[in-house]
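Contents: one structure, followed by commentary.
2 protein chains.
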Amino acid sequence: MIAVDAHGADAGVEVVIQGADSSGVPVHVFGPPLTAIGNEDDPALAARSRAGASIVKAARAVADGEADALVSAGPTGATLAAAVLHIKRIRGVHRPAVAALVPIPGGTPTLLLDAGANVEVRPEHLVQFAYMGATFMEAVHGVANPRVGLLSNGEEPKKGTEDVVAAHARLADGPLNFVGNVEGSDVTKGVADVIVTDGFTGNVALKLMEGTASTVTGAIRDAIKSNPLSAVGGLLIRGRVAKLRERIDPNATGGAILLGVRKPVVIAHGKSSAEGIANAIRLAQRAVDEQMVEKTAARLEAAGVLRSVPAASVAQPDD
Amino acid sequence: MIAVDAHGADAGVEVVIQGADSSGVPVHVFGPPLTAIGNEDDPALAARSRAGASIVKAARAVADGEADALVSAGPTGATLAAAVLHIKRIRGVHRPAVAALVPIPGGTPTLLLDAGANVEVRPEHLVQFAYMGATFMEAVHGVANPRVGLLSNGEEPKKGTEDVVAAHARLADGPLNFVGNVEGSDVTKGVADVIVTDGFTGNVALKLMEGTASTVTGAIRDAIKSNPLSAVGGLLIRGRVAKLRERIDPNATGGAILLGVRKPVVIAHGKSSAEGIANAIRLAQRAVDEQMVEKTAARLEAAGVLRSVPAASVAQPDD
Numbered sequence: 001m002i003a004v005d006a007h008g009a010d011a012g013v014e015v016v017i018q019g020a021d022s023s024g025v026p027v028h029v030f031g032p033p034l035t036a037i038g039n040e041d042d043p044a045l046a047a048r049s050r051a052g053a054s055i056v057k058a059a060r061a062v063a064d065g066e067a068d069a070l071v072s073a074g075p076t077g078a079t080l081a082a083a084v085l086h087i088k089r090i091r092g093v094h095r096p097a098v099a100a101l102v103p104i105p106g107g108t109p110t111l112l113l114d115a116g117a118n119v120e121v122r123p124e125h126l127v128q129f130a131y132m133g134a135t136f137m138e139a140v141h142g143v144a145n146p147r148v149g150l151l152s153n154g155e156e157p158k159k160g161t162e163d164v165v166a167a168h169a170r171l172a173d174g175p176l177n178f179v180g181n182v183e184g185s186d187v188t189k190g191v192a193d194v195i196v197t198d199g200f201t202g203n204v205a206l207k208l209m210e211g212t213a214s215t216v217t218g219a220i221r222d223a224i225k226s227n228p229l230s231a232v233g234g235l236l237i238r239g240r241v242a243k244l245r246e247r248i249d250p251n252a253t254g255g256a257i258l259l260g261v262r263k264p265v266v267i268a269h270g271k272s273s274a275e276g277i278a279n280a281i282r283l284a285q286r287a288v289d290e291q292m293v294e295k296t297a298a299r300l301e302a303a304g305v306l307r308s309v310p311a312a313s314v315a316q317p318d319d
Numbered sequence: 001m002i003a004v005d006a007h008g009a010d011a012g013v014e015v016v017i018q019g020a021d022s023s024g025v026p027v028h029v030f031g032p033p034l035t036a037i038g039n040e041d042d043p044a045l046a047a048r049s050r051a052g053a054s055i056v057k058a059a060r061a062v063a064d065g066e067a068d069a070l071v072s073a074g075p076t077g078a079t080l081a082a083a084v085l086h087i088k089r090i091r092g093v094h095r096p097a098v099a100a101l102v103p104i105p106g107g108t109p110t111l112l113l114d115a116g117a118n119v120e121v122r123p124e125h126l127v128q129f130a131y132m133g134a135t136f137m138e139a140v141h142g143v144a145n146p147r148v149g150l151l152s153n154g155e156e157p158k159k160g161t162e163d164v165v166a167a168h169a170r171l172a173d174g175p176l177n178f179v180g181n182v183e184g185s186d187v188t189k190g191v192a193d194v195i196v197t198d199g200f201t202g203n204v205a206l207k208l209m210e211g212t213a214s215t216v217t218g219a220i221r222d223a224i225k226s227n228p229l230s231a232v233g234g235l236l237i238r239g240r241v242a243k244l245r246e247r248i249d250p251n252a253t254g255g256a257i258l259l260g261v262r263k264p265v266v267i268a269h270g271k272s273s274a275e276g277i278a279n280a281i282r283l284a285q286r287a288v289d290e291q292m293v294e295k296t297a298a299r300l301e302a303a304g305v306l307r308s309v310p311a312a313s314v315a316q317p318d319d
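Each protein sequence line maps, in turn, to chains A and B. With the first letter of the first sequence counted as 1, position 85 gets the number 85 in the numbering used here; the numbers rise by one all the way through. With the first letter of the second sequence counted as 1, position 104 gets the number 104 in the numbering used here; the numbers rise by one all the way through.
Structure (structure tokens):
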């Protein structure tokens with residue numbers, strides 16, 4: 001059973017309920033109360049102080065074993081805070097990471113993580129992200145032996161910040177199918193199944209891709225409309241372009257997934273349609289069915305990259 | 001007179017000479033010898049050890065006052081190393097930065113810096129980049145009171161790494177037209193004239209934009225070709241799309257400019273056409289005519305953001 005946060009979708013509670021109904025997956029939708037958690041200064045504090053909020057109720061249901069996974073279209077910060085506080089990190093995981101699927105035209109999506117949970121990371125965090133991402137792509141997306149790349153400002157192993165260079169060395173020595181550094185120009189080319197970076201760069205990168213794609217398509221649309229002949233041409237290509245848009249629609253992927261916590265947590269896009277919510281719920285169910293969390297823990301342990309002294313408290317992802 | 005490095009353009013020396021001829025600007029083209037400086041492990045070392053290389057000759061001519069500015073289509077690392085070693089930093093500048101113009105469809109380009117010279121920076125570096133970029137846009141591109149943004153993972157002043165948050169506070173307190181944090185999704189929207197970031201994020205961002213734009217246009221092209229009717233539509237829109245491509249052609253901007261050194265240094269794209277080289281030379285000449293360097297030094301001093309103890313040696317941009 002999947003716990004679904006009723007609030008957070010831009011289109012309202014109705015869309016979430018409609019998506020839950022059409023998902024074909026057993027769900028429990030949590031909410032009201034009507035005081036939702038916004039993008040506040042301290043989402044962790046907000047999550048704690050408004051224990052009645054729907055995201056907190058949903059996260060608690062998962063923590064208590066009443067549900068197997070969590071889905072929310074609410075603000076990432078609030079979902080992250082509720083998940084870390086209630087569902088908790090996998091033992092030995094430094095930091096949970098938000099992983100987002102980047103659509104690759106004509107190919108399998110590429111998983112980019114961290115997409116914003118941790119603005120500053122250390123090499124051991126990046127290394128864990130790599131294993132967490134690879135396990136997700138293998139277990140949930142059926143990609144055998146996923147290619148893992150490290151986002152940097154050049155292909156050579158020495159390119160990047162000190163932390164990136166250190167992470168490169170550890171990944172190159174490990175058992176993953178590590179393809180080395182990946183440059184910004186390669187992210188949308190499908191050169192890796194998993195691309196690892198810190199949450200600052202990952203957040204900027206993800207939003208840049210969305211922004212650039214929308215700017216480029218907008219500019220092409222404007223150029224086409226600026227002339228009667230090309231406007232006719234625009235009508236003739238409409239169907240095909242719409243199909244392309246469908247194929248790379250963020251709603252199709254179900255949203256981002258929070259990796260490194262003890263149950264699957266899916267962060268649906270705030271702009272999700274009912275179909276987007278349904279896909280997020282199906283993604284959560286698939287992660288449950290494929291035992292993503294158990295496989296992640298086993299893989300991190302087998303690779304010897306778990307933190308040696310487990311945190312006494314997992315509420316604060318301090319390292 | 002502009003010193004032009006004959007080597008480095010992918011299309012060969014001929015294209016550089018042709019561009020120099022057609023620029024309408026007095027130039028001296030340096031080269032051979034034929035041993036070019038590649039993307040080596042240590043470009044600074046390479047620049048020193050091959051003192052005969054064309055980039056070094058050209059940089060020395062500028063340092064000796066025989067030429068007023070430097071243009072090269074060679075590897076950024078080699079140009080940067082030659083410029084810092086021979087032309088030297090402006091007194092009190094921590095780090096020179098590579099600034100690249102991002103084409104904005106239907107608007108003035110946005111300057112993104114640092115685009116790759118400094119993978120790790122401190123807040124005072126970001127602050128200097130902001131003043132250097134604003135001076136360039138005002139002096140060379142005629143943008144009055146340029147809007148300066150700071151690239152981050154959220155609009156709120158507290159969003160970002162510790163260094164970004166600290167830079168935000170200093171910029172908000174200063175005399176620049178600071179518009180606050182800019183998110184990845186806004187970079188191509190023309191929300192700022194100057195966007196400041198570290199060289200790691202800037203390099204990834206610039207390449208991501210190029211890669212995403214090429215992936216999106218490629219996917220649209222493929223979608224159009226996949227069906228006879230839309231293929232006809234594709235023929236009808238061709239002219240307009242070609243015009244758009246011209247308008248946002250990187251060759252039109254002349255390339256990236258190295259800010260913070262004592263003479264203008266333009267880093268033309270390796271893929272430059274003769275017209276791209278000519279535009280790079282014209283950009284360098286404009287920076288000379290508009291006294292960009294003098295204005296940059298004056299502005300940094302007036303804002304009180306120069307380093308207090310000038311470096312004894314400027315060969316190593318150590319801080």
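All C-beta atoms in this analysis are idealised placements derived from N, C-alpha and C, irrespective of residue type, glycine included. These figures come from a predicted structure and were not determined experimentally.
Between which two residues does the alpha helix (DSSP H) containing residue 17 of chain A stretch?
-> As a working note, residue 17 of chain A is residue 17 in the first sequence. Looking at the DSSP string, the run of the alpha helix (DSSP H) that includes residue 17 of chain A is 13 to 22.
Could you spell out the range, first to last residue, of the beta strand (DSSP E) harbouring residue 149 of chain A?
-> Reading the first sequence from its first residue, position 149 is the one you call residue 149 of chain A. Counting along the chain, the beta strand (DSSP E) containing residue 149 of chain A begins and ends at 147 to 151.
By Cβ distance, which residues of its chain are closer than 6 Å to residue 307 of chain B, with the 5 residues on each side in sequence left out?
-> Taking the first residue of the second sequence as 1, we reach residue 307 of chain B at position 307. The residues are 92 and 94.
Contact set for residue 274 of chain B: own chain, Cβ-Cβ below 7 Å, skip 5 residues either direction = Against the second sequence, residue 274 of chain B aligns to sequence position 274. Closer than 7 Å at Cβ, skipping near neighbours: 15, 18, 19 and 22.
Run the CB neighbour count on residue 162 of chain B, radius 10 Å, all protein chains shown included, and call it buried at 16 or more, exposed below.
-> Taking the second sequence and counting its residues from 1, one reaches residue 162 of chain B at position 162. The residue is exposed, with fewer than 16 neighbouring Cβ atoms inside 10 Å.
At which residues does the alpha helix (DSSP H) containing residue 59 of chain B begin and terminate?
-> Position 59 of the second sequence, counting from 1, holds the residue named residue 59 of chain B. Note, residue 59 of chain B: alpha helix (DSSP H), 54 to 63.
Chain A contacts made by the region 218 to 233 of chain B, where a contact means CB separation under 8 Å | 218, 219, 220, 222, 223, 224, 226, 227, 229, 230, 232 and 233
Using the beta-carbon of each residue, which ones in chain A are nearer than 7 Å to residue 213 of chain B?
-> Here residue 213 of chain B corresponds to residue number 213 of the second sequence, with the count starting at 1. The contacting residues are 212 and 216.
Which residues bound the beta strand (DSSP E) around residue 186 of chain A?
-> As a working note, residue 186 of chain A is residue 186 in the first sequence. For residue 186 of chain A, no beta strand (DSSP E) encloses it, and the DSSP letter there is neither H nor E.
Following the continuous alpha helix (DSSP H) through residue 143 of chain A, name the residue where it begins and the one where it ends.
-> For the purposes of this step, residue 143 of chain A is taken as the residue at position 143 of the first sequence. Unbroken run through residue 143 of chain A: none, as it is neither H nor E.
Does the Cβ of residue 101 of chain B have 16 or more other Cβ atoms within 10 Å, making it buried, or fewer, making it exposed?
-> Here residue 101 of chain B refers to the residue found at position 101 of the second sequence. Buried, because 16 or more other Cβ atoms sit within 10 Å of the Cβ of residue 101 of chain B.
Residue nearest to residue 320 of chain B in terms of C-alpha spacing, selected from B/80, B/179, B/61 and B/218 = Nothing about residue 320 of chain B can be reported from this structure: the residues present for chain B run from 1 to 319 only.
Could you confirm whether any beta carbon from chain B is found closer than 7 Å to the beta carbon of residue 188 of chain A?
-> In the first sequence, counting from the first residue as 1, residue 188 of chain A sits at position 188. Interface residue, yes.
For residue 2 of chain A, the residue or residues it bridges with in DSSP | Counted from its first residue, the first sequence places residue 2 of chain A at position 2. DSSP output for residue 2 of chain A lists A/27 and A/69 as bridge partner(s).
Please classify residue 238 of chain A: is it buried, with 16 or more other beta-carbons within 10 angstroms of its beta-carbon, or exposed?
-> Your numbering for residue 238 of chain A matches position 238 in the first sequence. Looking at its Cβ environment, which holds fewer than 16 other Cβ atoms inside 10 Å, residue 238 of chain A is exposed.
Kindly indicate which residue of B/177, B/116 and B/149 has the alpha-carbon position closest to the one of residue 207 of chain B.
-> Position 207 of the second sequence, counting from 1, holds the residue named residue 207 of chain B. Nearest of B/177, B/116 and B/149 to residue 207 of chain B, Cα basis: B/116.
May I have the straight-line CA-CA distance separating residue 106 of chain A from residue 191 of chain A, to the nearest angstrom?
-> Looking up residue 106 of chain A in the first sequence gives position 106. Looking up residue 191 of chain A in the first sequence gives position 191. Roughly 13 Å separates the two Cα atoms.
Cβ of residue 236 of chain B less than 7 Å from any chain A Cβ?
-> The count along the second sequence starts at 1 and reaches residue 236 of chain B at position 236. Yes, contact with chain A.
What residue from B/5, B/76, B/214 and B/99 has the CA that sits closest to residue 56 of chain B's CA?
-> Along the second sequence, one-based indexing puts residue 56 of chain B at 56. With distances taken between Cα atoms, residue 56 of chain B lies closest to B/5.
In chain order, which alpha helix (DSSP H) runs of at least 4 residues are fully inside the region 194 to 257 of chain A?
-> 199 to 225, 228 to 247 and 250 to 253
Report the partner residues of residue 267 of chain A according to the DSSP bridge assignment.
-> Along the first sequence, read from residue 1 onward, the residue named residue 267 of chain A stands at position 267. Paired residue(s): A/72 and A/256.
Rounded straight-line distance, which links the Cα of residue 164 of chain A to that of residue 200 of chain A | To locate residue 200 of chain A, count along the first sequence from 1; it is residue 200. To locate residue 164 of chain A, count along the first sequence from 1; it is residue 164. Cα to Cα, the separation comes out at about 13 Å.
Going by DSSP, which residues form a beta bridge with residue 402 of chain A?
-> Residue 402 of chain A lies beyond the range of chain A shown here (1 to 319); nothing can be said about it.
Report buried or exposed for residue 193 of chain B, applying the criterion of at least 16 other Cβ atoms within 10 angstroms of its Cβ.
-> The count along the second sequence starts at 1 and reaches residue 193 of chain B at position 193. That one is buried.
Compare the C-beta of residue 103 of chain A with all C-beta atoms of chain B and state if any pair is closer than 7 Å.
-> If you number the first sequence from 1, residue 103 of chain A lands on position 103. Not closer than 7 Å to any Cβ of chain B, the Cβ of residue 103 of chain A fails to qualify, so no.
Simplified DSSP state of residue 121 of chain A, which is helix, strand or coil | Counting from one through the first sequence, the residue named residue 121 of chain A turns up at place 121. Reduced to three states, the DSSP call for residue 121 of chain A is coil.
Could you say which of B/53, B/223 and B/233 lies nearest to residue 240 of chain A if we only look at CA atoms?
-> As a first step, residue 240 of chain A is located in the first sequence; it is residue number 240 there, counting from the start. The residue with the shortest Cα to Cα distance from residue 240 of chain A is B/223.
Establish whether the CB of residue 205 of chain A and some CB of chain B are separated by less than 7 Å.
-> In the first sequence, residue 205 of chain A corresponds to position 205, counting from 1. With 7 Å as the cut-off, residue 205 of chain A counts as an interface residue toward chain B.
Interface partners of residue 161 of chain A on chain B, CB under 8 Å | Locating residue 161 of chain A in the first sequence gives position 161, counting from the first residue. Under the 8 Å cutoff, chain B gives 119, 120 and 200.
Assign residue 305 of chain B to one of three DSSP states: helix, strand, or coil.
-> In the second sequence, counting from the first residue as 1, residue 305 of chain B sits at position 305. In the structure shown, residue 305 of chain B sits in coil (DSSP, three-state: anything other than H, G, I, E or B).
Please classify residue 179 of chain B: does DSSP put it in a helix, a strand, or coil?
-> Position 179 of the second sequence, counted from the first residue, corresponds to residue 179 of chain B. Strand, per DSSP.
Just grab the DSSP bridge partners of residue 261 of chain A for me.
-> Residue numbering aside, residue 261 of chain A sits at position 261 when the first sequence is read from its first letter. Beta-bridge pairing by DSSP links residue 261 of chain A to A/89.
Please confirm if residue 107 of chain A has its CB atom under 7 Å from at least one CB of chain B.
-> Translated into the one-based positions of the first sequence, residue 107 of chain A becomes position 107. Cβ-Cβ to chain B under 7 Å: no for residue 107 of chain A.
Just mark residue 289 of chain A as buried or exposed, buried being the case when its beta carbon has 16 or more other beta carbons within 10 Å.
-> One-based indexing of the first sequence puts residue 289 of chain A at position 289. Exposed, because fewer than 16 other Cβ atoms sit within 10 Å of the Cβ of residue 289 of chain A.
8 Å contact criterion, which residue 113 of chain A and residue 98 of chain A should meet: CB distance rounded | Position 113 of the first sequence holds residue 113 of chain A. Position 98 of the first sequence holds residue 98 of chain A. Right, the Cβ-Cβ distance comes to about 7 Å (below 8 Å), so this counts as a contact.
What is the rounded straight-line gap between the Cα of residue 342 of chain A and the Cα of residue 147 of chain A?
-> Lying outside 1 to 319, the shown extent of chain A, residue 342 of chain A is not represented and no answer is given.
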